[in-house]
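Quick notes on the structure that follows.
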Amino acid sequence: MQLSNLASVLFLGLFMSIILTAVLELRWSGVSIEDLWRNEQFWVIGGVSAHLFAVFQGFLKMLAGINTNFTVTTKAAEDAEFGELYMVKWTTVLIPPTTLLIVNIVGVVAGFSDALNKGYEAWGPLFGKVFFAFWVILHLYPFLKV
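Residue 923 in the numbering used here sits at position 80 of the sequence shown, and the numbers go up by one each step.
Shown next, in the form of structure tokens:
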């Protein structure tokens with residue numbers, strides 16, 4: 844799929860409007876930029892993992908009548924019975940964001956390789972694609988630290 848220079852400019856304009864909206868939110872709410880960034884990461888990670896599985900479970904319940912059960916607990920430091928629920932475990936919920944992260948990293952490398960092979964005219968559309976890929980990688984950065 845080819846991305847024209849105009850589409851790249853429109854895409855970057857969309858992201859600039861998102862960034863300007865975030866700046867306005869920072870000024871109006873008085874929240875620190877780190878808190879706003881963590882909140883944005885939370886929503887992106889939740890959107891590609893837990894929310895995706897919740898929709899799938901809803902379809903299972905609606906179409907097949909399968910009911911899923913889960914345990915609701917409070918987060919307490921001295922609660923040894925449910926302490927394992929708060930440890931990082933690699934479950935199926937973590938597969939979509941990890942896959943998305945790997946695909947974007949491979950896409951950045953492949954994009955630069957393709958642009959180097961095709962020459963000057965390939966660099967314009969590359970920047971829009973790489974900008975979006977880096978945006979996704981930055982949001983999913985906590986998965987690189989685990």
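Where is the CB? At the ideal position from N, CA and C, for every residue including glycine.
request  = List the endpoints of the continuous alpha helix (DSSP H) containing serine 872.
outcome  = 848-872
query = Cα-Cα, which of Leu879, Ile861, Ser860 is closest to leucine 869?
reply = Leu879
key: Residue from Lys961, Ile862, Leu937, Ala976 with nearest C-alpha to alanine 893   = Leu937
key: Contact the region 901-911 vs the region 945-961: 3+ CB pairs below 8 Å   = no
message = According to DSSP, is isoleucine 980 part of a helix, a strand, or is it coil?
response = helix
Range covered by the alpha helix (DSSP H) that runs through alanine 893 = Taken as a continuous stretch (DSSP letters only), the alpha helix (DSSP H) holding alanine 893 covers 893-907.
query = Expressed to the nearest angstrom, what Euclidean distance is found between the alpha-carbon atoms of alanine 897 and glycine 889?
reply = 10 Å
inquiry  = Determine whether the beta carbon atoms of threonine 891 and leucine 943 lie at a separation below 7 Å.
reply    = A quick correction: the sequence has valine, not threonine, at residue 891. Cβ atoms of valine 891 and leucine 943: closer than 7 Å.
ask   = Counting Cβ pairs closer than 8 Å, one from the region 975-983 and one from the region 958-965, do we hit at least three?
value = no
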